[in-house]
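Top to bottom, those sequences are chains H and Z. Just so you know, we're using numbering that gives the first Met the number 0 here: the first sequence kicks off at 0 and counts up by one. Just so you know, we're using numbering that gives the first Met the number 0 here: the second sequence kicks off at 0 and counts up by one. Where a beta carbon is used, it is the ideal one built from N, C-alpha and C, also for glycine.
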Amino acid sequence: MNWRHFVAAALLLTACSPPVPHNTGVYLLVDTSGSYNRQVSKAEQIILFALSRLQPLDSFAVARIDTASFTEKNIIAKATFDDRPSTANQQKRAFASRVEKFVDETRPAPYTDITGGLLQAIEFLNEKKTGRKEILIFSDMKEELAKGYVRNIPLDFKGFEVVALNVTKLRSDNFDPREYLSRLEAWRARVEKGGGRWRVINDLDRLDGLL
Amino acid sequence: MLMTNLLTITPWPALSAAILLVLLIAALYLARHTAHQAIHAVTSALARGFRLASHSVAHAEERLAARNREVLLAAGRDAKERMVEREFARVADTARKDLANYPDMHRRLSEAILRIEEDQEKAVEVPPEAPGWAKAVAVIANLDARNAGADILADIHKSMVKAHGEAMDDYRKASGERHALLRKMMPDWRMIQETLVRVNKSVASVIERALVIDRHMQEYETIVRGEDRALSVLSSSSLVNFFVSMLVLAVATAGAAINFTLIARPMAEMVGGTSFIGMFRTADIAALVIIMVEISMGLFLMESLRITRLFPVIGALSDKMRVRMIGITFVILLLMASIEAGLAYMREVLLQDELATTALLRGENAGVLVNGHLWITTMAQMGMGFILPFALVFAAIPLETFVHSLRTVVGLTGIGVLRALALLLRVLGNGLRHFGTLAERIYDLPLFVPLWIEARIAAAAQSAHAVQPSIEDESLQKVRS
Numbered sequence: 000m001n002w003r004h005f006v007a008a009a010l011l012l013t014a015c016s017p018p019v020p021h022n023t024g025v026y027l028l029v030d031t032s033g034s035y036n037r038q039v040s041k042a043e044q045i046i047l048f049a050l051s052r053l054q055p056l057d058s059f060a061v062a063r064i065d066t067a068s069f070t071e072k073n074i075i076a077k078a079t080f081d082d083r084p085s086t087a088n089q090q091k092r093a094f095a096s097r098v099e100k101f102v103d104e105t106r107p108a109p110y111t112d113i114t115g116g117l118l119q120a121i122e123f124l125n126e127k128k129t130g131r132k133e134i135l136i137f138s139d140m141k142e143e144l145a146k147g148y149v150r151n152i153p154l155d156f157k158g159f160e161v162v163a164l165n166v167t168k169l170r171s172d173n174f175d176p177r178e179y180l181s182r183l184e185a186w187r188a189r190v191e192k193g194g195g196r197w198r199v200i201n202d203l204d205r206l207d208g209l210l
Numbered sequence: 000m001l002m003t004n005l006l007t008i009t010p011w012p013a014l015s016a017a018i019l020l021v022l023l024i025a026a027l028y029l030a031r032h033t034a035h036q037a038i039h040a041v042t043s044a045l046a047r048g049f050r051l052a053s054h055s056v057a058h059a060e061e062r063l064a065a066r067n068r069e070v071l072l073a074a075g076r077d078a079k080e081r082m083v084e085r086e087f088a089r090v091a092d093t094a095r096k097d098l099a100n101y102p103d104m105h106r107r108l109s110e111a112i113l114r115i116e117e118d119q120e121k122a123v124e125v126p127p128e129a130p131g132w133a134k135a136v137a138v139i140a141n142l143d144a145r146n147a148g149a150d151i152l153a154d155i156h157k158s159m160v161k162a163h164g165e166a167m168d169d170y171r172k173a174s175g176e177r178h179a180l181l182r183k184m185m186p187d188w189r190m191i192q193e194t195l196v197r198v199n200k201s202v203a204s205v206i207e208r209a210l211v212i213d214r215h216m217q218e219y220e221t222i223v224r225g226e227d228r229a230l231s232v233l234s235s236s237s238l239v240n241f242f243v244s245m246l247v248l249a250v251a252t253a254g255a256a257i258n259f260t261l262i263a264r265p266m267a268e269m270v271g272g273t274s275f276i277g278m279f280r281t282a283d284i285a286a287l288v289i290i291m292v293e294i295s296m297g298l299f300l301m302e303s304l305r306i307t308r309l310f311p312v313i314g315a316l317s318d319k320m321r322v323r324m325i326g327i328t329f330v331i332l333l334l335m336a337s338i339e340a341g342l343a344y345m346r347e348v349l350l351q352d353e354l355a356t357t358a359l360l361r362g363e364n365a366g367v368l369v370n371g372h373l374w375i376t377t378m379a380q381m382g383m384g385f386i387l388p389f390a391l392v393f394a395a396i397p398l399e400t401f402v403h404s405l406r407t408v409v410g411l412t413g414i415g416v417l418r419a420l421a422l423l424l425r426v427l428g429n430g431l432r433h434f435g436t437l438a439e440r441i442y443d444l445p446l447f448v449p450l451w452i453e454a455r456i457a458a459a460a461q462s463a464h465a466v467q468p469s470i471e472d473e474s475l476q477k478v479r480s
């Protein structure tokens, strides 16, 4: 096998290898439970920020967290932006108007099924096969499940980054801050156990590191 | 560890060290001749190698210089031939233009001269006839006044006045006719003068061209003879051409970069904004390809117009084919320029769209961004998109100069590098020879004691050898006596 064969083989291998995707997939979960519903208008700010940062071929979905979140019906708006910048801009404008409508019409939910929303997010982003996968959770991270919902299942977060945004302190957290800290720690452990990376951003004026 | 062991060969380390030193010096002394030979052999071999390499490099430099000289002279010959050819073409144009009109001009001149001659003949002044009454008046005046001489004289006076008046009228009339004839000659004179001025101008132009051709021919002859002066002129001219063309090419590159900026963004609308070929965006590559195609078309256009001569194949095409090529390349350039103008317009539209979307996403009012004078920027961008492809066509001229002068510049640089390398190798070779001598002396430095003893012994032996013959001579004399 002389050097010509080696070069030809290397070129063939390079040509045959599948292209590595460079796009980003973002799935934003917005908590609409009773205690958190007042914060939804802040979520719009994050959505618009994400829209301004996303590029053509990126995927973006916004879904609500309510009593049963593991369903496509909870997705408020979703889009994979077109390769052409002008079309991508039109899609972004349409997306923003759908989100605006959702913010105006949203109703508080009695329960908070965060795990179901995460499962839906993992499924959505895996289907999209994006190069970078981001799950943003706009919630106080307190899960309250209705009777009969089984959510005690392992989650596969390999290749995912999970970012908890605007994790507000509950009244009970004020009495015992350990509750707040242990809640966040539990979620961190769950994400990292699933192979993902965990981050918390509470200051919404400093979203530069996001996306 | 080894040193420590060596120092224990006697119970006293100092003694051990002294013994070791003596042994070492003895060993070095015994190996001195062989060591000197080895040092000499190594340094001589290396010095010879460097000198050989230096000769080889110097030879290569001479060959390169000869080649460079040939290239320069050939380029100079070619340039002069082109200049002389162009001057001859201009002379031919002048001669053709003027000589084609020569028969007509000659006819008109002959006719004008004929007319002038005729008019001149007609305009010859006829002196008025002298009145014939003078003698008659004198005779009558001598007559007696009683014989009615006075009356006759009065009649004669009257007739004379009348005749004079008629003669004056005739004279004025004739003068008027002559003046009219002379006036008629004026346009012919002017025509002759103008024609002669034109002829003079043409002759002066031909003389001027002849002088230029003469100068070029003299320079051409010096180049053909391969004179050093011609070579020096060509060399410096080539260097100047190189730097000037490089400067102009840098300006053209900046123009191409602006052109690229104008069309790269809208190209994303055509080929997609996120696909990559290797490390580069496909849209950027597509924009670059468009600019390269434009430059290529410009090159072909210039070649077809015979302004540049980079592709001999195009220059050798028949005139009909060349004209077709000029048409085709110009049309392609025009289409490309129109496409670029469109893309430049699209760029502005996309920019506004993006600004509006960003403003919307930031929660600002998009209407605030609308500028009433935006059309000026748009029109300027479109104008640049249309003009730059045509402006880039002219990059072919400095490119040709750059390519031709590059050969000379590379040759000169190569000669300089080879000359420096030859010098360096020569210096290294000589330095190694001296280094060998220095190494032998340094080897001898620790052996100064045995060498001193050796020198003393040799001196003693020499003096003994000098004394022995004198003793032998004395005993011989004794035997003889």
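Handout entry: Alpha carbon of Asp283 of chain Z to alpha carbon of Ala263 of chain Z, nearest angstrom
Key = Position 284 of the second sequence holds residue 283 of chain Z. Position 264 of the second sequence holds residue 263 of chain Z. The C-alpha of Asp283 of chain Z lies about 5 Å from the C-alpha of Ala263 of chain Z.
Problem - Ile75 of chain H in three-state terms, based on DSSP - result: Sequence index remark: in the first sequence, residue 75 of chain H carries index 76 (1-based). In the three-state reduction of the DSSP assignment, Ile75 of chain H falls in the strand class, which pools E and B.
Problem - Contact check, Ser237 of chain Z vs Thr407 of chain Z, beta carbons under 8 Å - result: Position 238 of the second sequence, counting from 1, holds the residue named residue 237 of chain Z. Position 408 of the second sequence, counting from 1, holds the residue named residue 407 of chain Z. The answer is yes: Cβ separation under 8 Å.
Handout entry: Whole beta strand (DSSP E) elements within the segment 133–203 of chain H, 3-residue minimum
Key = 159–164, 196–200
Problem - Identity of the residue in Z:Leu287, Z:Pro397, Z:Ser15 nearest Arg308 of chain Z by Cα - result: Counting from 1 along the second sequence, the entry for residue 308 of chain Z is found at position 309. With distances taken between Cα atoms, Arg308 of chain Z lies closest to Z:Pro397.
Exercise for the section: Assign Gly371 of chain Z to one of two classes, buried (16 or more other C-beta atoms within 10 Å of its C-beta) or exposed (fewer than that). Expected result: For the purposes of this step, residue 371 of chain Z is taken as the residue at position 372 of the second sequence. By the neighbour-count rule (16 or more Cβ atoms within 10 Å), Gly371 of chain Z is not buried but exposed.
Handout entry: Residues that Asn165 of chain H contacts on chain Z, provided the C-beta gap is smaller than 8 Å
Key = Reading the first sequence from its first residue, position 166 is the one you call residue 165 of chain H. Within chain Z, no residue comes near Asn165 of chain H; the closest Cβ sits about 18 Å away, beyond 8 Å.
Handout entry: Arg280 of chain Z - partner residues in DSSP beta bridges
Key = Indexing the second sequence from 1 puts residue 280 of chain Z at position 281. Paired residue(s): Z:Phe275.
Practice task
Please classify Val29 of chain H: does DSSP put it in a helix, a strand, or coil?
Solution key: Translated into the one-based positions of the first sequence, residue 29 of chain H becomes position 30. Strand at Val29 of chain H.
Handout entry: Ranges of the beta strand (DSSP E) found wholly within the segment 42–103 of chain H, counting only runs of at least 3
Key = 58–64, 74–79
Practice task
Run the CB neighbour count on Phe156 of chain H, radius 10 Å, all protein chains shown included, and call it buried at 16 or more, exposed below.
Solution key: The sequence position of residue 156 of chain H within the first sequence is 157, counting from 1. Buried, because 16 or more other Cβ atoms sit within 10 Å of the Cβ of Phe156 of chain H.
Practice task
Report all residues from its chain with a CB closer than 8 Å to the CB of Glu43 of chain H; omit the five preceding and five following residues, and keep chain order.
Solution key: By 1-based counting over the first sequence, the position of residue 43 of chain H is 44. If we look at Glu43 of chain H and ignore the five residues flanking it on each side, its Cβ neighbours are Val98, Glu99, Val102.
Handout entry: Between the CA atoms of Val348 of chain Z and Arg66 of chain Z - distance to the nearest angstrom
Key = As a working mapping, residue 66 of chain Z is identified with position 67 in the second sequence. As a working mapping, residue 348 of chain Z is identified with position 349 in the second sequence. Straight-line Cα distance between these residues: approximately 57 Å.
Problem - Any chain H beta carbon closer than 8 Å to Leu316 of chain Z - result: As a working note, residue 316 of chain Z is residue 317 in the second sequence. No - not a single Cβ of chain H is within 8 Å of the one on Leu316 of chain Z.
Exercise for the section: Could you tell me if Thr9 of chain Z is buried or exposed, where buried requires 16 or more neighbouring beta carbons within 10 angstroms of its beta carbon? Expected result: For the purposes of this step, residue 9 of chain Z is identified with residue 10 of the second sequence, where counting begins at 1. By the neighbour-count rule (16 or more Cβ atoms within 10 Å), Thr9 of chain Z is not buried but exposed.
Practice task
Could you check the C-alpha separation between Phe59 of chain H and Glu133 of chain H for me, to the nearest Å?
Solution key: Counted from its first residue, the first sequence places residue 59 of chain H at position 60. Counted from its first residue, the first sequence places residue 133 of chain H at position 134. So the two alpha carbons sit approximately 10 Å from each other.
Exercise for the section: With 7 Å as the limit, tell me which residues of the segment 74–104 of chain H have their beta carbon closer than that to any beta carbon of chain Z; keep them in chain order. Expected result: Asp82, Arg83, Pro84, Ser85, Asn88, Lys91, Arg92, Ala95
Exercise for the section: With distances taken Cα to Cα, identify the nearest neighbour of Gly341 of chain Z among Z:Ala99, Z:Ile38, Z:Ile386. Expected result: Counted from its first residue, the second sequence places residue 341 of chain Z at position 342. For Gly341 of chain Z, the nearest C-alpha among the options comes from Z:Ile386.
Exercise for the section: Find out if the Cβ-Cβ distance for the pair Gly277 of chain Z, Pro55 of chain H is shorter than 8 Å. Expected result: Residue mapping note: residue 277 of chain Z aligns to position 278 of the second sequence, counting from 1. Residue mapping note: residue 55 of chain H aligns to position 56 of the first sequence, counting from 1. Going by C-beta atoms, Gly277 of chain Z is not nearer than 8 Å to Pro55 of chain H.
Handout entry: Own chain, CB closer than 6 Å to Leu27 of chain H, minus 5 neighbours either side, in chain order
Key = Locating residue 27 of chain H in the first sequence gives position 28, counting from the first residue. Excluding residues within five positions, the ones whose Cβ falls inside 6 Å are Val61, Leu135.
Exercise for the section: Output, in sequence order along the chain, the residues in the segment 238–270 of chain Z whose CB is closer than 7 Å to any CB in chain H. Expected result: Ala267, Glu268
Practice task
Determine the closest residue to Glu143 of chain H out of H:Lys127, H:Thr23, H:Leu53, H:Gly116, with distance taken between C-alpha atoms.
Solution key: Start at 1 with the first residue of the first sequence, and residue 143 of chain H comes out as number 144. The candidate whose alpha carbon is nearest that of Glu143 of chain H is H:Gly116.
Problem - Unbroken alpha helix (DSSP H) run spanning Arg35 of chain H, endpoints - result: Counting from 1 along the first sequence, the entry for residue 35 of chain H is found at position 36. Sequence check: residue 35 of chain H is Tyr here, not Arg. Run containing Tyr35 of chain H: none; DSSP gives neither H nor E here.
Practice task
Name the one or two DSSP bridge partners that Arg131 of chain H has.
Solution key: Position 132 of the first sequence, counted from the start, is the residue given in the question as residue 131 of chain H. Paired residue(s): H:Thr23.
Handout entry: Which residues DSSP lists as bridging Thr111 of chain H, in chain order
Key = Looking up residue 111 of chain H in the first sequence gives position 112. Per DSSP, H:Glu143.
Handout entry: Simplified DSSP state of Val243 of chain Z, which is helix, strand or coil
Key = By one-based count along the second sequence, residue 243 of chain Z stands at place 244. If DSSP states are grouped into helix, strand and coil, Val243 of chain Z belongs with the helices.
Problem - Inter-residue CB distance, Glu60 of chain Z and Ile414 of chain Z (contact presumed, cutoff 8 Å) - result: In the second sequence, the residue the question calls residue 60 of chain Z occupies position 61. In the second sequence, the residue the question calls residue 414 of chain Z occupies position 415. So it is a contact: roughly 6 Å between Cβ atoms.
Handout entry: Contact with chain H by Gly272 of chain Z, beta-carbon distance below 8 Å
Key = Position 273 of the second sequence holds residue 272 of chain Z. Gly272 of chain Z counts as touching chain H.
Problem - DSSP state of Met449 of chain Z mapped onto helix, strand, coil - result: As a working mapping, residue 449 of chain Z is identified with position 450 in the second sequence. Note on identity: in this sequence residue 449 of chain Z is Pro, with Met being the wrong assignment. It is helical.
Practice task
State yes or no: is the C-beta of Gly208 of chain H within less than 8 Å of the C-beta of Phe159 of chain H?
Solution key: Locating residue 208 of chain H in the first sequence gives position 209, counting from the first residue. Locating residue 159 of chain H in the first sequence gives position 160, counting from the first residue. The answer is no: Cβ separation not under 8 Å.
Exercise for the section: Show which residues of chain H have a CB atom less than 9 Å away from the CB atom of Leu349 of chain Z. Expected result: Indexing the second sequence from 1 puts residue 349 of chain Z at position 350. Going along chain H in sequence order, the residues near Leu349 of chain Z (Cβ under 9 Å) are Pro84, Ser85, Asn88.
Handout entry: Simplified DSSP assignment, three categories, for His215 of chain Z
Key = In the second sequence, counting from the first residue as 1, residue 215 of chain Z sits at position 216. The answer is helix: DSSP assigns His215 of chain Z an H, G or I state.
Problem - beta-carbon Ser462 of chain Z near the ligand GTP non-hydrogen atom, thresh 7 Å - result: No copy of the ligand GTP occurs in the structure displayed, which carries no ligand at all.
Practice task
Closer than 8 Å, Cβ to Cβ, to anything on chain Z: give me those residues from the segment 48–76 of chain H, in chain order.
Solution key: Phe48, Leu50, Ser51, Gln54, Pro55, Leu56
Exercise for the section: Would you mind giving the Cβ-Cβ distance between Ala217 of chain H and Val25 of chain H, rounded to the nearest angstrom? I have them listed as a contact below 8 Å. Expected result: For residue 217 of chain H there is no data in the structure shown, the boundaries of chain H being 0 and 210.
Practice task
Find the residues of chain H that neighbour Glu353 of chain Z, judging by a C-beta separation of less than 9 Å, and give them in chain order.
Solution key: Taking the first residue of the second sequence as 1, we reach residue 353 of chain Z at position 354. Ordered by position in chain H, the residues that pass the 9 Å Cβ test against Glu353 of chain Z are Pro84, Ser85, Asn88.
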